[in-house]
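Colleague: One point on numbering: in UniProt numbering, the residue at position 39 of the sequence shown is 39, and numbering is uninterrupted.
In this text, a Cβ means the ideal position worked out from N, Cα and C, and glycines have one as well.
Here the structure is a predicted model, which is why all the values come from computation and not from measurement.
Before we start, here is the structure in question, set down as structure tokens.
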Amino acid sequence: MEERNMTHPKDAQQYNTDRIREEYLVENLFVIDEIKTVYSYGDRMIIGGAYPKTSLNLTLIEVLKSEIFLERREMGVINIGGPGIIIADGIEYTMDNKDGLYIGMGTKEITFVSVDAENLSKFYFISTTAHCAYETSKINHSDVDAMELGTQESSNQRILYKYIHPDSIKSCQLLMGMTTLKPGSVWNSIPPHAHSNRSEVYLYFDLPEQEVVFHFMGKPTQTRHILVKNEQAVISPYWSIHSGVGTKNYSFLWAMAGENQLFSDANSIELKDLK
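Structure follows, in structure tokens:
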């Protein structure tokens, strides 16, 4: 397990490329037959990747100081690999590519399973603190509420899928979903925004090996970029913008945690005000 501390925006303005990547970029999240976790002190989010050859059990990490992983937490999972199964307290949930699962607080045992040795599952998960329990629920990708956004002229035509959200699967504070850019589009979250009461994490995927995304972060008048490759994640502090442009179209998973679950409270930033 890795730990990532909170950073002050004035300190971040002094970081060089290596320090920015050290603080905000999550690499090597998917290692065959391992569960990797990163504990971010921004809203106490845990970022994880499970890449089982056959099956992997989620075990407790010491920093939680609890009896079970989800004693005071909830979790969202989206499978970005081959077909698999998640077993939560003895109940099996079949997980095809891009299917999602919400796992409620108090769930004691979680197992990640691959069912095709030639096409292993890749389970990406986010866990956030919780103060009440909601029912564990699966959502098929084909059933997820989808929104068409952007225009071809702006190179940002995309589809936003709301997996864990007040309009679909309810949670205590976790929000989680996916955005897929259409062929020919490369920009995400433009114009950019920030939300001072929530941290956010992006996981970029469906990106060919030779392609990259330039993820933009920082205060609007002190922007920086992080060069991101396939299946790498970026931690976005509450004070930072989060947007990006790729050398090809791609997808990303987004997850948020904070004081509320409203999208409308984001602070929109006009392009003319960026520096």
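Please identify the residue among N249, H193, V77 whose C-alpha is closest to the C-alpha of D273.
Modeller: Nearest option by C-alpha distance: H193.
Colleague: For residue 325, does the count of other Cβ atoms within 10 angstroms reach 16, so buried, or fall short, so exposed?
Modeller: Summary: the structure shown does not reach residue 325, with the chain confined to residues 1 through 275, and so no result is reported for it.
Colleague: Decide if P52 is buried, meaning its Cβ has at least 16 other Cβ atoms within 10 Å, or exposed.
Modeller: Buried is the call here.
Colleague: Using only CA atoms, which one of V26, I20, S155, C172 lies nearest to V201?
Modeller: Measuring from the Cα of V201, the nearest candidate turns out to be V26.
Colleague: Touch check for the region 93-111 and the region 57-77: three-plus C-beta pairs under 8 Å?
Modeller: The region 93-111 is in contact with the region 57-77.
Colleague: So what's D273 in DSSP terms, helix, strand or just coil?
Modeller: Three-state DSSP puts D273 in a helix.
Colleague: When the Cα atoms are used, what is the spatial distance from S199 to V115?
Modeller: If I take the Cα positions, the gap works out to 34 Å.
Colleague: DSSP has R44 in a bridge; who is on the other side?
Modeller: Beta-bridge pairing links R44 to no other residue.
Colleague: Starting from I78, trace the alpha helix (DSSP H) in both directions and tell me its first and last residue.
Modeller: That residue, I78, is in no alpha helix (DSSP H); its beta strand (DSSP E) goes 73-79.
Colleague: Where DSSP assigns a beta bridge to T179, which residues make up the other side?
Modeller: Its beta-bridge partners are L160, F252.
Colleague: Per DSSP, what are the beta-bridge partners of W187 in this structure?
Modeller: Partner(s): V245.
Colleague: So is H8 buried or exposed if we call it buried at 16+ other beta carbons inside 10 Å?
Modeller: That one is exposed.
Colleague: Ignore the nearest five residues each way along the sequence and tell me which others in V144's own chain have a CB closer than 6 Å to its CB.
Modeller: Excluding residues within five positions, the ones whose Cβ falls inside 6 Å are Y161, Y163.
Colleague: Grouping DSSP H, G and I as helix and E and B as strand, with all else coil, what is D143?
Modeller: DSSP places D143 in helix when its eight states are reduced to three.
Colleague: Taking the beta strand (DSSP E) that T128 falls in, what are its first and last residues?
Modeller: Element bounds for T128: 123-129.
Colleague: Where does E22 fall in DSSP's three states?
Modeller: In the structure shown, E22 sits in a helix (DSSP, three-state: H, G or I).
Colleague: Excluding the 5 residues preceding and the 5 following L56 in the sequence, name in chain order all residues of the same chain whose CB lies nearer than 6 Å to its CB.
Modeller: Excluding sequence neighbours, L56 sits near I35, A50, F112.
Colleague: According to DSSP, F216 sits in a beta bridge with which residue or residues?
Modeller: DSSP output for F216 lists H225, S243 as bridge partner(s).
Colleague: Among residues of its own chain, excluding the 5 on either side of W187, which ones have a beta-carbon nearer than 6 Å to its beta-carbon?
Modeller: So the list reads S155, N156, V245, once near-sequence residues are dropped.
Colleague: To the nearest whole angstrom, what separates the beta carbons of residue 277 and Q152, a pair I think is in contact under 8 Å?
Modeller: Outside the shown range of the chain, which is 1 to 275, sits residue 277, and nothing can be said about it.
Colleague: Name the residue from Q173, Q232, L58, V234 whose alpha carbon lies nearest to the alpha carbon of E109.
Modeller: Nearest C-alpha to E109: L58.
Colleague: Counting Cβ pairs closer than 8 Å, one from the region 215-233 and one from the region 125-137, do we hit at least three?
Modeller: These segments do not touch.
Colleague: On the DSSP bridge assignment, give the partners of H193 in chain order.
Modeller: DSSP output for H193 lists S268 as bridge partner(s).
Colleague: Would you report the Cα separation of Y238 and N197, rounded to the nearest angstrom?
Modeller: Y238 and N197: Cα-Cα distance of roughly 6 Å.
Colleague: Tell me which same chain residues have a C-beta within less than 6 Å of the C-beta of H92, skipping the five on either side of it?
Modeller: Here residue 92 turns out to be Glu, not His, going by the sequence shown. Cβ within range, chain order: I85.
Colleague: Just the Cα atoms here: how many angstroms apart are N16 and K275?
Modeller: Answer to the nearest angstrom: the Cα atoms are 17 Å apart.
Colleague: Comparing alpha-carbon positions, which option in R21, M6, E71 lies nearest R224?
Modeller: Minimum Cα distance to R224 is reached at R21.
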